[in-house]
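The next block holds one structure in the form of structure tokens; read it before the comments.
In the numbering used here, the protein residues as written are 173 to 413.
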């Protein structure tokens with residue numbers, strides 16, 4: 173979640189091709205069975221353009237920090253963001269990176285049996301074998317020393333992380349990492365934002381996790397601040413070093 177995304181250099185796996193696709197603010201690191209830059213570019217535009225048009229007609233959508241009202245005429249990606257934000261109690265843009273990764277990733281599975289898409293620390297995973305996602309936690313001594321193992325043979329999964337100490341995403345907390353596992357990347361993104369917002373110091377870890385437990389669709393949580401960590405739910409932690 174650093175601005176230059178140097179954490180991407182940590183990606184290792186000989187099974188998949190790795191490539192980057194960037195369209196305006198959307199900056200995807202994609203892993204698939206074969207190079208599919210053109211297909212990914214088309215999918216990003218397919219889902220970004222309706223979102224851009226909606227924002228153009230509803231400028232308040234971008235700056236809102238509380239859940240947005242449902243709009244039956246909104247495009248699917250907007251409806252997904254709104255639903256996720258309502259469950260998590262944050263603004264709809266708190267789900268945008270995860271939503272883009274999810275919509276592009278699900279469509280890309282039509283071209284590749286295995287797909288991993290990372291978008292600013294929010295990861296869509298649809299693979300036929302388990303993968304381990306390293307937890308990047310900025311200045312914390314635990315950063316990149318632990319990962320979560322994700323097995324998604326039946327349905328895609330998502331791992332999304334919010335940070336109040338690194339990266340460009342808006343956070344009102346000070347967590348080095350607030351990680352959420354869910355079947356929905358949009359929901360995981362919004363929930364990570366909500367959980368991270370509730371962590372100002374080490375004593376807040378337990379209450380932030382309790383809040384996350386009550387968000388429908390959240391399967392697992394990891395919160396890290398400095399050398400302290402809290403874990404809840406279906407989380408398979410892996411020591412990396």
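Ideal placement from N, C-alpha and C gives every residue a C-beta, glycine not left out.
So which of 407, 276, 364 and 383 has the shortest CA-CA distance to residue 249? Here residue 249 is taken as the residue at index 77 of the chain shown, counted from 1. With distances taken between Cα atoms, residue 249 lies closest to 276.
Do the CB positions of residue 242 and residue 295 come within less than 8 Å of each other? Along the chain shown, read from residue 1 onward, the residue named residue 242 stands at position 70. Along the chain shown, read from residue 1 onward, the residue named residue 295 stands at position 123. In terms of Cβ geometry, residue 242 and residue 295 do not form a close pair [threshold 8 Å].
Cα separation between residue 258 and residue 269? Along the chain shown, one-based indexing puts residue 258 at 86. Along the chain shown, one-based indexing puts residue 269 at 97. One C-alpha to the other measures close to 16 Å.
Residue interval of the beta strand (DSSP E) (run including residue 290): Walking along the chain shown from the start, residue 290 turns up at place 118. 287–291 is the span of the beta strand (DSSP E), which, as asked, contains residue 290.
If we require 4 or more residues per run, which alpha helix (DSSP H) segments fall completely within the stretch 345–387? Annotation note: the stretch 345–387 contains the following uninterrupted alpha helix (DSSP H) runs of length 4 or greater, listed N- to C-terminal: 357–369 and 377–385.
Whose C-beta lies closer than 8 Å to the C-beta of residue 176 among residues of the same chain, with five residues either side of it excluded? Counting from 1 along the chain shown, the entry for residue 176 is found at position 4. Because residue 176 sits at a pLDDT of 42, beneath the cut-off of 50, its placement in the model cannot be relied upon, and the point is left open.
Going by other Cβ atoms of all chains shown within 10 Å of its Cβ, with 16 needed for buried, is residue 369 buried or exposed? For the purposes of this step, residue 369 is taken as residue 197 along the chain shown, with counting starting at 1. In this structure residue 369 is buried. Its beta-carbon is surrounded by 16 or more other beta-carbon atoms within 10 angstroms.
I'd like the list of long-range same chain contacts for residue 399, defined as Cβ closer than 6 Å, with 5 residues on each side in sequence excluded. Locating residue 399 in the chain shown gives position 227, where the first residue counts as 1. Short of 6 Å from the beta carbon of residue 399, and not among the five residues preceding or following it, lie these beta carbons of its own chain, in chain order: 313.
Could you check if residue 412 is buried or exposed, using at least 16 other CB atoms within 10 Å of its CB as the buried criterion? In the chain shown, residue 412 corresponds to position 240, counting from 1. Residue 412 should be labelled exposed.
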